[in-house]
Amino acid sequence: MAKRELQEINAGSMADIAFLLLVFFLVTTTVEMEAGISRTLPVKLDNTKLPPPPPVNARNIFSIQVNSQDALRVENQPILLEELEEKTRDFYLANAVAETNPELAKYNPVSRQTVNAEMTEVMKNIENSTGAFKAVFEGEKRKLEKKLLVLDVVGNSYMEIDKTAVIQLKNNAGTSYGMYIQIQDVLKKVIEDLRREKAEELGWTYSEIDWSKEASEEDQKKAEVLKVLVPERIIESKIK
Amino acid sequence: MSKFRKDGKKGVPGINSGSLPDIIFMLLFFFMVATRMKENKLQVEIIKPKAEMSVELEDKDNVDFLYIGFPVDVEKEGTEPRVQLDDQLINDIQAIGRWKNAAATDGKTPFDVPTSLKVHQDVSMLIVSNVKEVLRDVDALKIVYSTDMK
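Structure below.
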């Protein structure tokens, strides 16, 4: 039998098919960037089953109020949005080194002795309590463990912003979402700036620290230390 | 004249287009990998606020999107801000809780899937605050305020 030559397949229209697919994908997909500000909402707890919160001193609350006309009041003084960054920095830094302004957040010295003393107290409470109470004390214990971690890094003692210090954000029902985001943006910027400065103080390069969950153990430790030194505590009240 | 003159017709040889499909396929794969499917058709108008500190979303496929804005179809839906889930406007805000619970499959809980709030910048905080309360009720605590980069 004579050897038959194999006929070549014409692939000329293959390009057309591929083009068709390409155009389909170009039309149905987007390259839109998804960006945003991440936040974690507070867990809903039954307040009646919890131990009473520690007494809060008015100086440790940085209150931001926004009315329905998007006008700002900080610590009961009307201010402009541009001033918010400086005011927030002041709240964090005014007393960081020495007590200079008795109306802004208090700083307390932390050393191994104070942490250990609190730790024995907390351990006793954990043993003597159950349920929600126990969970709260265990949370306290974790916080103290983090403080020990910070002491390992910074030395024998450091100044810590009061543990009840919070930023309290009160919106009105008519406040616009745009204004709310601008405030969140400023707060986030201030906290990041403060953490960056702290990192430099400790000899770290802030931009090299990986804050994600997959970070190396060393980066996780650094992030943890910065979080303790510059806590981000923002509380929002429900709008009625 | 010259010895090397060839016989026959002279002309431009045809360009071999055999590898053209390969190039196109390469482009195709690039687009398939680099882009994502278009989102739901929006029935509300949304102009997102701008923020300097916004961070790019890492895992876009593991996020639920929730839209709050002014209805496009003013005659039918009015001018009050509305919430859109997937492809429909909802009347009862509690539906968000059921939606989050239904979206949690494969051993995930509502807590594991962040919710991205895409909200028009002129919407009042009352509706946003109410939506957040519903999310708290179902333990969907991770939220992202979707913004544009400044």
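Those protein sequence lines, which keep their order, are chains A and R.
So in numbering that gives the first Met the number 0, spot 167 of the first sequence is number 166, and the numbers just go up one at a time.
So in numbering that gives the first Met the number 0, spot 137 of the second sequence is number 136, and the numbers just go up one at a time.
No residue lacks a Cβ here, since even glycine has one placed at the ideal position from N, Cα and C.
Being a predicted model, the structure only gives us computed values, none of them experimental.
Here Val137(R) is not near Gly77(R), since their CB atoms are 8 angstroms or more apart. Taking 8 angstroms as the threshold, the shortest C-beta distance from Ser128(A) to chain R does not fall below it. For the stretch 26-53 of chain R, the set of residues with a beta-carbon nearer than 7 angstroms to any beta-carbon of chain A comprises Leu26, Leu27, Phe30, Met31, Ala33, Thr34, Arg35, Met36, Lys37, Pro48, Ala50, Glu51, Met52, Ser53, in chain order. Following the DSSP letters along the chain, one finds Met32(A) in no beta strand (DSSP E), marked with neither H nor E. Residues of chain A with a Cβ closer than 9 angstroms to the Cβ of Leu84(R) do not exist; the shortest Cβ-Cβ separation is about 18 angstroms. When DSSP states are grouped into helix, strand and coil, Gly68(R) belongs to the strand group. Taking 8 angstroms as the CB threshold, Arg81(R) stays off the interface with chain A. Nearest CB-CB separation between Gly17(R) and chain A: below the 8 angstroms threshold. Using a CB distance below 8 angstroms, the part of the stretch 17-28 of chain A facing chain R consists of Ala17, Phe18, Leu20, Leu21, Phe24, Leu25, Thr27, Thr28, ordered along the chain. Residue nearest to Leu201(A) within the set Asp151(A), Leu147(A), Ile182(A) is Asp151(A) (criterion: CA-CA distance). Membership of Tyr176(A) in the alpha helix (DSSP H) is indicated by the continuous run 176-200.
Within the stretch 131-142 of chain R, those residues whose Cβ lies closer than 7 angstroms to any Cβ of chain A are, in chain order, Lys131, Glu132, Leu134, Arg135, Asp136, Leu140, Lys141, Ile142. In this structure, the straight-line span from the alpha carbon of Leu103(A) to that of Ala93(A) is close to 7 angstroms. Here DSSP, grouped into helix, strand and coil, assigns Glu51(R) to coil. Ala172(A) belongs to the set of residues whose beta carbon lies under 8 angstroms from a beta carbon in chain R. If you look at Ile92(R), you'll find it isn't in any beta strand (DSSP E); DSSP assigns it neither H nor E. In this structure, DSSP gives Ile23(R) a helical state, which the three-state scheme calls helix. Here Glu98(A) is exposed. Its C-beta has fewer than 16 other C-beta atoms within 10 Å. In the three-state scheme derived from DSSP, where H, G and I count as helix and E and B as strand, Ile126(R) is classed as helix. According to the DSSP assignment, Ile78(A) belongs to the beta strand (DSSP E) that extends over 76-78. Exclusion of the five residues before and after Ile78(A) leaves Leu71, Arg72, Lys86 as the residues of its chain whose Cβ lies within less than 8 angstroms of its Cβ. Residue environment for Phe136(A): buried (at least 16 other C-beta atoms within 10 angstroms of its C-beta).
Legend: CB atoms of the stretch 57-68 of chain R lying less than 7 angstroms from CB atoms of chain A belong to residues Lys59.
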